[in-house]
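Just below is one structure, and these are the notes that go with it.
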Amino acid sequence: MALTFGLALQNDFPPHISPSARIGELREQARAARVSGISSAWMLNHYLGNMQTLQPLVGLAAIAEHTGDMRIGTNMFILPLRHPVAVAEEFATLDQVSNGHAVAGLGMGYRSNEYDAFGVSMDDRVKRYEESVEILRRLWSNETVDFEGEHFTIKGESIGIPPVQAGGPPIWVGAGVHKTGARRAAALGDAWIVPPHAEPEKLRTILAFYAEERERLGRGPAQEVVVRREMVLDDDPEKALEVGLHFRGENTRKYAEFEAPDKTDSYRHLKGDAGLKSVADKSYLFTDPATAIAQLKELEEIGITHVILRMQWYDLPQDRMLATLEKFKNEVLPAFA
Numbered sequence: 001m002a003l004t005f006g007l008a009l010q011n012d013f014p015p016h017i018s019p020s021a022r023i024g025e026l027r028e029q030a031r032a033a034r035v036s037g038i039s040s041a042w043m044l045n046h047y048l049g050n051m052q053t054l055q056p057l058v059g060l061a062a063i064a065e066h067t068g069d070m071r072i073g074t075n076m077f078i079l080p081l082r083h084p085v086a087v088a089e090e091f092a093t094l095d096q097v098s099n100g101h102a103v104a105g106l107g108m109g110y111r112s113n114e115y116d117a118f119g120v121s122m123d124d125r126v127k128r129y130e131e132s133v134e135i136l137r138r139l140w141s142n143e144t145v146d147f148e149g150e151h152f153t154i155k156g157e158s159i160g161i162p163p164v165q166a167g168g169p170p171i172w173v174g175a176g177v178h179k180t181g182a183r184r185a186a187a188l189g190d191a192w193i194v195p196p197h198a199e200p201e202k203l204r205t206i207l208a209f210y211a212e213e214r215e216r217l218g219r220g221p222a223q224e225v226v227v228r229r230e231m232v233l234d235d236d237p238e239k240a241l242e243v244g245l246h247f248r249g250e251n252t253r254k255y256a257e258f259e260a261p262d263k264t265d266s267y268r269h270l271k272g273d274a275g276l277k278s279v280a281d282k283s284y285l286f287t288d289p290a291t292a293i294a295q296l297k298e299l300e301e302i303g304i305t306h307v308i309l310r311m312q313w314y315d316l317p318q319d320r321m322l323a324t325l326e327k328f329k330n331e332v333l334p335a336f337a
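Residue 337 is where the sequence shown ends in UniProt numbering, and the numbering goes up by one at each step.
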């Protein structure tokens with residue numbers, strides 16, 4: 001399977017940026033990505049954060065007329081905070097708006113302030129997640145659902161608005177680069193979206209475990225093997241690295257005001273500029289087009305089928321983001337045609 005690419009749109013903004021003023025720019029990015037040959041577009045989800053966040057289902061609906069046949073999805077939607085009936089109907093609505101191109105990227109979240117505000121215990125998040133995925137799949141199959149779990153009960157109900165896609169949007173699980181995350185993704189997801197800091201050597205090991213786990217469960221190979229990557233392209237790789245470290249670093253410092261997503265050293269990029277550079281050197285694509293091709297070819301060789309690229313963080317200007325996208329279209333993507 002040829003390597004394909006997605007674009008993670010910036011839908012969280014620092015306090016001095018007007019999100020409403022950026023919506024036109026997000027639509028411009030979506031149009032540019034579509035004509036560039038990028039096949040999916042993504043938005044993230046947080047509540048009560050220190051970055052102004054356009055909520056992703058509304059945000060994706062706002063750009064859907066500009067994405068054409070691209071898939072549009074959440075990267076990631078914090079599933080345990082919401083009731084699965086609401087989630088099922090909202091994603092089904094997005095599937096209708098996009099004419100059957102929605103992807104449900106579902107994560108568990110990690111910020112205690114979000115859980116506290118929603119009145120949900122973080123100790124319950126795994127079980128709520130598992131129950132919710134089962135309910136989503138059953139509702140999206142347009143069956144009459146009887147379900148009694150630890151957290152949710154549904155008696156003889158069917159979905160109010162069915163999705164366009166048979167069985168509903170594919171579920172891509174967001175989980176950390178460790179065996180627990182791999183097991184969850186193998187058991188529940190059509191794909192696993194691996195975080196951007198996962199270096200190739202680690203990917204080889206954990207994806208082999210993931211494949212074995214899917215086989216053990218009788219689920220066979222995943223439809224997609226997905227990894228995220230951060231990207232800035234410039235003919236001068238040192239300039240690309242400088243730009244990437246500055247703007248991704250500003251974003252990282254804001255995120256670091258909250259808890260790390262997990263306690264493993266894979267999240268060492270939250271520990272200052274030296275840690276960020278270490279991760280960038282091994283995993284990010286802050287470089288020239290030729291080097292980016294080589295690094296992406298390595299991911300393809302590992303077995304990755306889809307790479308979600310983020311080209312903008314914090315207040316990186318629109319023209320700089322579009323310059324990376326243009327170089328990607330003209331100098332990188334042809335190597336994967």
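By construction, the Cβ of each residue, glycine as well, lies at the ideal position given by its N, Cα and C atoms.
Does DSSP put E230 in a helix, a strand or coil? Sequence index remark: in the sequence shown, residue 230 carries index 230 (1-based). Residue state, collapsed to three classes: strand.
Please report the distance separating the alpha-carbon of V226 from that of S18. Translated into positions along the sequence shown, residue 226 becomes position 226. Translated into positions along the sequence shown, residue 18 becomes position 18. In a straight line, the C-alpha of V226 is about 31 Å away from that of S18.
Out of I38, L26, P84, G68, state which residue places its alpha-carbon closest to the alpha-carbon of residue 338. Examination of residue 338 is not possible in this model, given that the chain is present from 1 through 337 alone.
Run through DSSP, which three-state label would H306 get? Taking the first residue of the sequence shown as 1, we reach residue 306 at position 306. Three-state result, H306: strand.
Could you tell me the distance, in whole angstroms, from the CA atom of A185 to the CA atom of W192? By one-based count along the sequence shown, residue 185 stands at place 185. By one-based count along the sequence shown, residue 192 stands at place 192. Cα to Cα, A185 sits roughly 5 Å from W192.
Looking at L233: is its Cβ nearer than 9 Å to the Cβ of F336? In the sequence shown, the residue the question calls residue 233 occupies position 233. In the sequence shown, the residue the question calls residue 336 occupies position 336. Contact: no.
Residues of its chain near L48, where Cβ-Cβ distance is below 7 Å and the 5 sequence neighbours each way are ignored: By one-based count along the sequence shown, residue 48 stands at place 48. Cβ within range, chain order: N113, E114, A117.
For the beta strand (DSSP E) holding A191, just list the boundary residues, first then last. Here residue 191 corresponds to residue number 191 of the sequence shown, with the count starting at 1. Unbroken beta strand (DSSP E) run through A191: 191 to 194.
If you drop the 5 nearest sequence neighbours on each side, which residues of the same chain put their C-beta closer than 8 Å to that of L81? The sequence position of residue 81 within the sequence shown is 81, counting from 1. Excluding residues within five positions, the ones whose Cβ falls inside 8 Å are Y47, G109, E114, Y115, F118, V120.
Burial state of D288 (16 or more Cβ within 10 Å): Along the sequence shown, read from residue 1 onward, the residue named residue 288 stands at position 288. Buried, since its Cβ has 16 or more Cβ neighbours within 10 Å.
Going by DSSP, what residue range makes up the beta strand (DSSP E) through V103? Within the sequence shown, the letter at position 103 stands for residue 103. Element bounds for V103: 102 to 107.
DSSP three-state label for M76, please. Residue numbering aside, residue 76 sits at position 76 when the sequence shown is read from its first letter. The three-state secondary structure of M76, taken from DSSP, is coil.
Using a Cβ-Cβ cut-off of 7 Å (strictly less than) and excluding sequence neighbours within five positions of M51, which residues of its own chain qualify? If you number the sequence shown from 1, residue 51 lands on position 51. The answer, listed in chain order, is D12, F13, P14, K254.
Using 10 angstroms around the beta-carbon of R204, count the other beta-carbons present and answer buried if the total reaches 16, otherwise exposed. Counting from 1 along the sequence shown, the entry for residue 204 is found at position 204. Counting Cβ neighbours within 10 Å, R204 comes out exposed, since fewer than 16 surround it.
Identify the residues that DSSP records as bridge partners of V126: which are they? Translated into the one-based positions of the sequence shown, residue 126 becomes position 126. V126 is not bridged to any residue.
Cβ neighbours of L285 in the same chain (closer than 7 Å, five flanking residues each side left out): Residue 285 sits at position 285 when you count from the first residue of the sequence shown. Same-chain partners within the cutoff: R229, E230, M231, A292, Q295.
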